[in-house]
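Just below is one structure, and these are the notes that go with it.
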Amino acid sequence: MWNLLLKCFIVTFTIMIVACSKAPELVRLEGAGNKLFCATLKDIRSSPDQTLQDNNELVGHAANIKKLYEAAPDIISEDLRFIYDILAASRDSKGTDTLLAFQMLTDPRLAGYEGRVAEFAKETCGIFDGDIDYFVDPTVRPSGICSGWPLMGSPLTNDRFPYLLDTSSANYFSNIFFSGPKTKMRDGMIHVPRGGKVTFKGEYPFAKYFGFNPNDMSTNNLKTLMDVDIDPDEGSINPWREPMQSDMARNYTAHLVVDKTPEIPAPNTSYVGQTKSGGRNYATFQIYRVYGTDLPVLPPNSAGVLLPSVTVYDKKGNEIEHHPMCDPYPNNYEPPIDKTKFPALPVPDHRAQSNAGNFNVKGNFGLDIDLLSNADVLYLSSYYGRQNGEVFAIRAKKPKTMNVKEERYPWSTDLDFRMWTACTYNFWNGKANDCVVDNNILEDKYGYYTLIVTEAKNRPSNATKENHISWLDAGNFLDGQISFRMLPKHTAFLQGLRTNIEKGATTPYSPETAFCSRETFERGGFSGCQQESNIVKNQQ
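When we follow the working numbering, the leftmost residue of the sequence shown carries the number 7, and every step to the right adds one.
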């Protein structure tokens, strides 16, 4: 979905955006060929480059591809050059340049370039880590049938590099509101004149979270309208604030205003006339996110309610466009599916090589732009690899979050925060290998959870419900990352957790990690795994 959003916007703003500069000319080494390529790949896999630890994580990824390009034979040199160019463009992008760069990063053809390199590495070097099959699907367009919500995303769309979707509980719907000259309009955009507004009328969905997430023309977050903060219409109830019966009305009205934020903002309103940095905002990417629906995440759905109506008004309050409430997934409707498949590229994730087991609070590859991320979410990530051990174990005290079965509701006063999920990915592949929601993460009698990440073949026999141990599939890859999504991030609990992780402080809720063999974990659980992990660290 983000690919199409950015494409629409980029075409419109080509005269306003400074194009990404072409990556500097690369020079292939004398003697470049099969032998040198294989030797270079083996060296990258066995000898991590400590100079790659930049806050911008794409620095390290691009550097490793550059080394391979310089050593590669002709048959795969152009494939590696394409991969390098798109990584370098995102690595070096600033401001609105990021739109162009991210558009390149989402190109499904990248699956083909990676696939040919993976095939060559297996056939010529004997190096492979998993499934090297790939497929480029050039036809998928995650467009919807609702005129007011022309774009939609689900676990069926874009579950691949570079999106890192949460496939456990999320559905997405989007629109682009354009406030520039009408001559620059493109299909799928809704024109809103300067000083005008967009009004949404809908019903609160049956979910743990929903929000209107507007972003400016540089993909930076603007003020979110989050569920609990949206006042209900007269005679209705906000189910995030108080209990409600099934026959009670659950209606709301929310607004986006294309103007500066006034000294006293109106309720249920986000002002989108300025960019995050303060300049005029010509277009707003608005994403309606729903997490933790009462319905299963698949088939995709809008959490038991219609999508809200979309009405556009000019500065004087005159209605100029209206789109009614709409069911995005009616009966017998076949939702779009992105069939693009990325291979297991045998290039290591430099983060797993140099920073395995350490949690950080960075998002969006460490870039200084939000890239349409959710402003309500605290993102925590850590990394693991086969070189670290068969088992990656994580342990911490489990926070109290919403759980209807345990009579904890959004308005309950004893919640630490609302909800969280955990997902595993491989950087080069991008598909969610496995995801789990907080209520399905087991805890022991002391209130702690143990979450382990392994390949399926290495799952310990004691990773069971009876032992209060939750398991996530790492996929069949050399390495990967685990990402926690916790919300709402403005809560005191999550602000404190963020600070503790940034400082490296040890607290009950800060995740402890360990690496060990399957045999060690089966014999000693997390404590045994931790002992083995500490011994290895002391020997290094």
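Using N, Cα and C, we set each Cβ at its ideal position, and we do this for glycine too.
{"Query": "Own chain residues within Cβ distance below 7 Å of N445, not counting five before or after", "Result": "N409"}
{"Query": "Cβ-based burial, G5 [other Cβ within 10 Å; buried from 16]", "Result": "Not covered by the structure: residue 5. The range shown for the chain is 7 to 546."}
{"Query": "Straight-line Cα distance separating C429 from N62", "Result": "22 Å"}
{"Query": "Classification of K345 by the beta-carbon crowding that lies within 10 angstroms, buried from 16 upward", "Result": "exposed"}
{"Query": "Three or more C-beta pairs below 8 Å linking the stretch 448 to 463 and the stretch 477 to 494", "Result": "yes"}
{"Query": "Sub-8 Å separation of N383 and K495 beta-carbons", "Result": "In the sequence on display, residue 383 carries Val and not Asn. Yes, these two residues count as a Cβ contact at 8 Å."}
{"Query": "Integer Cβ distance of F183 from A272, believed to fall under 8 Å", "Result": "Actually they do not touch by this definition, with Cβ atoms about 18 Å apart."}
{"Query": "Under the three-state DSSP convention, the category N439 falls into", "Result": "coil"}
{"Query": "Beta strand (DSSP E) segment containing R295, residue limits", "Result": "A289 to T299"}
{"Query": "Alpha helix (DSSP H) runs wholly inside the stretch 92 to 162, at least 4 long, in chain order", "Result": "103 to 111 and 116 to 126"}
{"Query": "C-beta contact flag for R424 and L493 at 8 Å", "Result": "yes"}
{"Query": "Check whether I375 and N221 have beta carbons under 8 Å apart", "Result": "no"}
{"Query": "Residues of its chain near R51, where Cβ-Cβ distance is below 6 Å and the 5 sequence neighbours each way are ignored", "Result": "P354"}
{"Query": "Rounded straight-line distance, which links the Cα of Q292 to that of N181", "Result": "5 Å"}
{"Query": "Close beta carbons around W246, own chain, < 8 Å, minus the five adjacent residues each side", "Result": "Y210, D233, V234, P416 and W417"}
{"Query": "Where the alpha helix (DSSP H) through L64 begins and ends", "Result": "L64 to A77"}
{"Query": "Nonlocal neighbours in the same chain, by C-beta distance under 7 Å from L262, ignoring five residues either side", "Result": "F183, K203, V204, P220, S276, V278, T290 and Q292"}
{"Query": "Three-pair Cβ contact test at 8 Å for the stretch 185 to 192 versus the stretch 248 to 256", "Result": "no"}
{"Query": "Exposure label - A45; buried when at least 16 CB within 10 Å", "Result": "exposed"}
{"Query": "Three-way DSSP call (helix, strand, coil) for Q487 in this model", "Result": "strand"}
{"Query": "Proximity to S174 [Cα-Cα], best of C131, A78, T427 and F212", "Result": "T427"}
{"Query": "Closest Cα partner of R524 within the set I133, R392 and K403", "Result": "R392"}
{"Query": "Same chain only: Cβ atoms within 8 Å of L313, ignoring 5 sequence neighbours per side", "Result": "C152, G154, W155, F179, G208, Y294, M331, C332, D333 and P334"}
{"Query": "Of the residues I326, K406, E412 and F398, the one placed nearest V198, counting alpha carbons only", "Result": "I326"}
{"Query": "Complete alpha helix (DSSP H) runs within the stretch 396 to 454 (minimum length 4 residues, chain order)", "Result": "none"}
{"Query": "Rounded C-alpha distance that separates D165 from K322", "Result": "43 Å"}
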